[in-house]
Amino acid sequence: MCIRDRRKIDRWDKFTPEQAAKLQVVEVKSLDELEDTQKWNTFNDCHSVFNCLGSKTSEGDAQFYKVDYTYVEWSARIGIANKIPHFSHVTTGKAAADSMFFYYRTKGQIEETLKKMKFPALTLLRPGAILNRDNDSRFIEKVFKYVPFFPKTETATIARAMRLDAERIHLKGRIDTTKNLVNICLLYTSPSPRDRQKSRMPSSA
Numbered sequence: 043m044c045i046r047d048r049r050k051i052d053r054w055d056k057f058t059p060e061q062a063a064k065l066q067v068v069e070v071k072s073l074d075e076l077e078d079t080q081k082w083n084t085f086n087d088c089h090s091v092f093n094c095l096g097s098k099t100s101e102g103d104a105q106f107y108k109v110d111y112t113y114v115e116w117s118a119r120i121g122i123a124n125k126i127p128h129f130s131h132v133t134t135g136k137a138a139a140d141s142m143f144f145y146y147r148t149k150g151q152i153e154e155t156l157k158k159m160k161f162p163a164l165t166l167l168r169p170g171a172i173l174n175r176d177n178d179s180r181f182i183e184k185v186f187k188y189v190p191f192f193p194k195t196e197t198a199t200i201a202r203a204m205r206l207d208a209e210r211i212h213l214k215g216r217i218d219t220t221k222n223l224v225n226i227c228l229l230y231t232s233p234s235p236r237d238r239q240k241s242r243m244p245s246s247a
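Going left to right, the sequence shown walks through residues 43 to 247 as this note's numbering numbers them.
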């Protein structure tokens, strides 16, 4: 697994030698480097792209759009350039390109852009309020943690779902370069009326 990030996570230093051998961490000063097409070939032996980028609207509309739309688009173009067949992206449960709210509209717009890129397999994971972020907690998510019936999702559930989804796609022969599979999963742990929707990925993922 190759990770391109601005900072190293402390727990990575605690990995066993066997675990560490499976992880390649590339630290960069800024994710603006994703725009440099000359560096795109460093991803040419990957099978899936996992994108979990996300900013806060409190940092300003321009910065939020840059992280949640522009960086995600560049990541996807890297995948296309390297013929990586699967792109997995964490978005939000209320993403809508025509939303009156900037946050949901941006999330919806990048979803539509990703669909147009026609990956053989595209996964859009739509969690509820994300709980227990180790190093990037959000105040509103801490509040929603105590609101009954509001859709919520543990970070561990998201990570596990992304891994299992990729394994299913690759190991069960769901890659077909002549088709463009789009898999949209409502992903949450707590009870919600959305339990009735068939596209929900169970919390036991």
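Even glycine gets a Cβ: it sits at the ideal position worked out from N, Cα and C.
Since the model is a prediction, treat every value here as computed from it, not as a measurement.
For residue i, which beta-bridge partners are listed by DSSP?
i      : result
ASN93  : HIS131
ILE226 : LEU166
THR195 : ILE172
Can you tell me where the beta strand (DSSP E) with residue i in it begins and where it stops?
i     : result
GLN66 : 66-69
Tell me the DSSP secondary structure of residue i in three-state form.
i      : result
ALA139 : coil
LYS120 : Inspection of the sequence shows that residue 120 is occupied by Ile rather than by Lys. ILE120: helix per DSSP, three-state reduction.
ARG202 : helix
LYS214 : coil
ARG46  : strand
PRO190 : coil
SER72  : coil
ASN83  : helix
ASP55  : helix
ILE126 : coil
LYS149 : helix
ASP248 : Missing from the structure shown is residue 248; the chain here goes from 43 to 247 and no further.
ASP78  : coil
What do you get for residue i, buried or exposed, if any count of 16 or more other CB atoms within 10 angstroms of its CB means buried?
i      : result
THR79  : exposed
GLN61  : exposed
PRO169 : buried
MET142 : exposed
PHE102 : Here residue 102 turns out to be Gly, not Phe, going by the sequence shown. The residue in question, GLY102, is exposed, as its Cβ has fewer than 16 Cβ neighbours within 10 Å.
ASP207 : buried
CYS255 : Nothing in the structure corresponds to residue 255, since the chain is present only between 43 and 247.
SER100 : exposed
LYS149 : buried
VAL68  : exposed
GLU153 : buried
Hey, quick one: how far does the alpha helix (DSSP H) through residue i stretch, first residue to last?
i      : result
PHE161 : Premise fails: PHE161 is in no alpha helix (DSSP H) and is neither H nor E.
TYR107 : 103-107
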